[in-house]
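For reference, the structure is listed below as structure tokens.
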Amino acid sequence: MIYLDNAATTLKKPPAVCAAMRWAMNQAAGVGRSAHGPAMTGAEILYDTRVLAAELFGLSDPRRVIFTCNATHALNQALYAIAENRHHFAISPFEHNAVYRPVLQLVKQNNMQLTILNGALWNDELLLDSAEKAIKNGADCFVLCHVSNVFGYIQPLEKLDALLAEHGIPLVLDASQSAGIIQIDVSKLHSLAAVCMPGHKGLYGPPGTGMLLWLAEEMPRPLLSGGTGTRSELLEMPEVLPDRLESGTPNVAGIAGLFEGMKFIQKAEQTEILQHERKLCRFAAEELRNIPGIVPFISPDEKKQTGVLSFYSRQLPAETIALRLAEQNICVRAGLHCAPLAHQTAGTAETGTVRIAPGWFQTERQMKRFCSKMARISGKETDQILE
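So for the sequence shown, the working numbering puts the first residue at 1; every next one is plus one.
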């Protein structure tokens, strides 16, 4: 099998991830609910993982690392908390539905305004100019997907951060496609109110894990209320982090796996992972350009794109290509990728795209085989069309 759907979920994990999960399933329990051995083991897993995450992302206080079920959970928590004192959202034109849908819901519920910034693939200045105009028009909270899940476009986080910090406007960052791939140091980004990420993508952790880094000074309103194992006499959620945002029994085994996933990328180094994935995608893009009817989306400047590559065929629907590849045991993603806004921006809303996203464990030999299968699929189907 050639697995090229890592932008959705990294399938192959470092061996230590699965080993840690199996160990935790048998050794850890009841975090924060007791002082017995298994409960304390679980507490240590959570504490160690918070400390590691804080170290990895430049966060001075590990208590501001909140464990979530996934990035969508983290984003909803952050967006609903930040919207309480805001009136006008501005979002990038490449946002995933994990941002777009809750923002639209908040706008309708709270009678807020929404600005979708202007943008185009690989064009940083257009986004930044639009952000300045949005600020002049009263936008008081921004949301940015650091990297487009469809095209791998790295949006200008640092420049947008400087602009927003100058005006005292908070930014919620969706790091779903960048965490573990691109170095994020929150101590150097002064507008950040929150950073949201999944565990199961670039961090090489298991599904059902994610993190919210809460950076705003104000204490957020919880999205969920319930037991925390602390201050049980209170009828309201505790006023301290992380307890305030972590109701119910945590996914201890998943978090144990997440710890090992983060240790893996820390050891492998994120720059090495990024360069490996970029190299494979740029190789594939050059090969795909030689196939009649295939249009790949590749940035002229490799520094603006991660190891995610979308393309479409002038002859075949994206879903048909994905099905043909699946029959050859090659795993890709096709369609709108839960990001119709990004496709509208790039002009692919009608066709969708086929997306490949190799990871650390994929090889150039596998990419050659993928490109060979694509050439065969395109040639065969073109012959049928011509007939």
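We put the CB at the ideal spot given by N, CA and C, even for glycine.
Since this is a predicted model, take the numbers as computed values, not measurements.
Query                                                                                                                                                                        : Result
Find out if the Cβ-Cβ distance for the pair Gly168, Ile181 is shorter than 7 Å.                                                                                              : no
Threshold first: 4 residues or longer. Then list the alpha helix (DSSP H) segments lying entirely within the segment 219 to 289, N to C.                                     : 252 to 268, 270 to 289
Contact check, Ala256 vs Trp23 under 8 Å by CB: the rounded distance?                                                                                                        : 7 Å
Where does Ile116 fall in DSSP's three states?                                                                                                                               : strand
Work out the CA separation of Val107 and Ala139 for me, nearest whole Å.                                                                                                     : 13 Å
State the CB to CB distance for the pair Leu163 and Leu128, rounded to an integer number of angstroms; the pair is presumed to be in contact (CB under 8 Å).                 : 7 Å
Per DSSP, which one or two residues make a beta bridge with Ser313?                                                                                                          : Ile294
Return the residue from the list Tyr47, Thr72, Cys371, Pro15 that minimises the CA-CA distance to Gly199.                                                                    : Thr72
Is it the case that the segment 264 to 281 contacts the segment 115 to 123, given that we only count it when at least three CB pairs across the two stretches are under 8 Å? : no
Does the pairing of the segment 243 to 263 with the segment 19 to 33 give three or more beta-carbon distances under 8 Å?                                                     : yes
Based on Cα-Cα distance, which residue from Ser148, Leu144, Phe151 lies nearest to Leu160?                                                                                   : Leu144
Can at least three beta-carbon pairs, one atom from the segment 332 to 351 and one from the segment 94 to 103, be found at a separation below 8 Å?                           : yes
Identify the continuous beta strand (DSSP E) that holds Trp214 and give its terminal residues.                                                                               : 210 to 214
If you scan the segment 136 to 212 from start to end, which runs of the alpha helix (DSSP H) of 4 or more residues do you find wholly inside it?                             : 157 to 167
Which value, in whole angstroms, describes the spacing of the CA atoms of Thr209 and Cys69?                                                                                  : 5 Å
Which same chain residues, not among the five before or five after Ser299, have their C-beta less than 6 Å away from its C-beta?                                             : Trp122, Gln305
Name the two residues that bound the continuous beta strand (DSSP E) containing Thr68.                                                                                       : 65 to 68
Output yes or no for whether 7 Å exceeds the beta carbon distance between Val150 and His337.                                                                                 : yes
Can you look up Thr353 in the DSSP assignment and give me helix, strand or coil?                                                                                             : strand
Gly335 lies in the beta strand (DSSP E); which residues open and close that run?                                                                                             : 333 to 335
Identify the residues that DSSP records as bridge partners of Asp5: which are they?                                                                                          : Ala357
Classify Val17 as helix, strand or coil using the three-state DSSP reduction.                                                                                                : helix
Once DSSP output is grouped into helix, strand and coil, what is the label at Phe89?                                                                                         : strand
Classify Leu288: buried if its beta carbon has 16 or more other beta carbons within 10 angstroms, exposed otherwise.                                                         : buried
Starting from Ala28 and walking both ways along the alpha helix (DSSP H), at which residues does that stretch end?                                                           : Careful: Ala28 lies outside any alpha helix (DSSP H) and carries neither H nor E.
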